[in-house]
Amino acid sequence: MDTAFVFQLLATVGLQLPILIILGTGLVLLATRRPCRARTLGLWGVSLLLIGGLCGTVAALLPMLILEQGGSYATYGVWFGIMQTVFTLLHAVAMLLVVLALRLALPR
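What the sequence shown shows, in this note's numbering, is residues 775 to 882, in sequence order.
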């Protein structure tokens with residue numbers, strides 16, 4: 775492993791770690807609530823946000839790995855665009871589920 779890759783790994787994980795910790799805490803807090811429709815939607819939403827965050831962290835490390843192995847940046851650019859589109863849609867669905875959970879949890 776190259777030292778540049780190790781530094782990029784530490785920087786990426788260091789920047790994403792607070793978000794992942796907060797999402798993990800939210801998941802635990804939601805899991806302790808009594809079962810209801812809002813809790814289910816919230817669990818799904820926060821879980822999708824956590825999965826998207828983990829996948830985004832891994833995707834941020836791919837350029838250096840691909841270029842280190844002699845891959846083309848143009849090929850990576852196409853795949854990165856597709857991955858970013860999927861991650862954006864995943865985050866949109868997750869946020870919709872969290873907002874619906876909040877709406878259902880609020881008193882009328």
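Using N, Cα and C, we set each Cβ at its ideal position, and we do this for glycine too. Predicted, not measured: the structure shown is a model, and the values here were computed from it.
Cβ neighbour criterion (16 or more within 10 Å) applied to residue i
i, result
"L828", "exposed"
"L804", "buried"
For residue j and residue i, the rounded distance between their alpha carbons
i, j, result
"M869", "L824", "11 Å"
"I796", "S821", "12 Å"
"T831", "R807", "29 Å"
"R877", "G819", "13 Å"
"F779", "C810", "45 Å"
"S846", "A833", "16 Å"
"L784", "D776", "13 Å"
CA nearest to the CA of residue i, picked from the options
i, options, result
"L880", "V867, D776, R813 and I793", "R813"
"T786", "G851, L835 and G855", "L835"
Test item: CB-CB of residue i and residue j under 8 Å
i, j, result
"V872", "G826", "no"
"M857", "Q782", "no"
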